[in-house]
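Here's the structure we're looking at; comments come further down.
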């Protein structure tokens, strides 16, 4: 399950410490899945409760815990504060079900769906700040594709907004693996549509009924690659950067495709997808450094969480 380290301009826990959260997430997922799977195989199961449907599933951290953390902040005990925060966050993920799944595949689907909601919390809140999530992202099939179909060591920036020379720039999804960086532009509409590529501003889409123009996906893809490479160069980070036009349900006809563009479509998609899923490298330091450098140039919009605002008001009185 890929890790969502940045969503649009939402505040993210990964921005606070990219060297801590990815490994914590991998461990948390494994611990919870092993525990759940073992209980299911042994015939036991947690008491069925209503399955969560929105981000409101997660309770905010409890007031006594907040007071404890604020005390650490005042005393300057940063390392202790960090460990306590993480342990509290880990304890908030406990999958629950409306019924006992009949197969391990059904169990896995429910588990991944609830873990997706947990990821959305980490990608939109910190202990002191939060961003209000647009509900469309809970039903975004492309976002779920990255988070539910790829390895845990893949770090995802989904529709990130970079702040360059005080101007916000939204780019294509970026996936940072332990060995590569992938800039991916989706080109998907109806099943088996054919996209005819060119160097013009528009491509042509054809199906059985009609022909129409679509925006050239290389425009956004090249812009994304340029930003990624500029940031990596500033921090002297060396990782290969790939550009992909992805059409899982259609075909791409572009004989004169630039040499640095990978066209992944219906005929070669499965091979590429399985190669990506077969990636077994652990998280690497250079990967985390690349993620940190990119996050530093991302725009973040957030508000202070209510409990912290209330505490600040009390202290000022």
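Residue numbers (UniProt numbering): 1 to 317. Ideal Cβ placement from N, Cα and C applies to all residues, glycine included. Computed from a prediction, not measured in an experiment: that's the story for all the values here.
So who's on the other strand from residue i, going by DSSP bridges?
i: residue 272; result: Answer by DSSP bridge pairing: none, since residue 272 is not bridged.
i: residue 304; result: 129
i: residue 167; result: 164
i: residue 242; result: 182
i: residue 253; result: 196
i: residue 204; result: 196 and 213
i: residue 174; result: 157 and 183
i: residue 263; result: 245
Taking the alpha-carbon of residue i as reference, which of the options has the nearest alpha-carbon?
i: residue 181; options: 241, 36, 2 and 267; result: 241
i: residue 164; options: 18, 294 and 122; result: 294
i: residue 209; options: 32, 263, 192 and 15; result: 192
i: residue 185; options: 143, 213, 168 and 27; result: 143
i: residue 243; options: 236, 221, 104 and 275; result: 221
i: residue 113; options: 128, 102 and 93; result: 93
i: residue 246; options: 230, 218 and 199; result: 218
i: residue 263; options: 188, 119 and 1; result: 188
i: residue 102; options: 119, 168 and 40; result: 40
i: residue 10; options: 158, 34, 30 and 118; result: 158
i: residue 276; options: 42, 104 and 145; result: 145
i: residue 203; options: 12, 254 and 272; result: 254
i: residue 104; options: 121, 42 and 304; result: 42
i: residue 138; options: 118, 154, 259 and 126; result: 118
i: residue 234; options: 272, 200 and 297; result: 297
i: residue 121; options: 12, 216 and 100; result: 12
i: residue 198; options: 281, 232, 231 and 261; result: 261
i: residue 281; options: 154, 125 and 126; result: 154
i: residue 216; options: 200, 230, 272 and 229; result: 200
i: residue 21; options: 126, 166 and 230; result: 126
Look at the Cβ atom of residue i, then the Cβ atom of residue j, and state whether they are nearer than 9 Å.
i: residue 173; j: residue 279; result: no
i: residue 150; j: residue 175; result: yes
i: residue 147; j: residue 156; result: yes
i: residue 249; j: residue 190; result: yes
i: residue 237; j: residue 289; result: yes
i: residue 128; j: residue 6; result: no
i: residue 130; j: residue 23; result: no
i: residue 162; j: residue 283; result: no
i: residue 32; j: residue 111; result: yes
i: residue 1; j: residue 35; result: no
i: residue 257; j: residue 223; result: no
Under 8 Å by Cβ, that's how I've got residue i and residue j pegged, so tell me the actual separation to the nearest angstrom.
i: residue 3; j: residue 140; result: Not really, about 16 Å apart at Cβ, beyond 8 Å.
i: residue 265; j: residue 252; result: 5 Å
i: residue 16; j: residue 160; result: So it is not a contact: roughly 17 Å between Cβ atoms.
i: residue 206; j: residue 214; result: Rounded, the Cβ-Cβ distance is 10 Å, inconsistent with contact.
i: residue 37; j: residue 107; result: 7 Å
i: residue 292; j: residue 18; result: 5 Å
i: residue 225; j: residue 183; result: 5 Å
i: residue 194; j: residue 239; result: Rounded, the Cβ-Cβ distance is 34 Å, inconsistent with contact.
| task | Just list the alpha helix (DSSP H) runs in the segment 3-48, keeping only unbroken ones of 4 residues or longer that don't cross its boundaries, in chain order. | result | List check, alpha helix (DSSP H) in window: 13-16 and 21-41.
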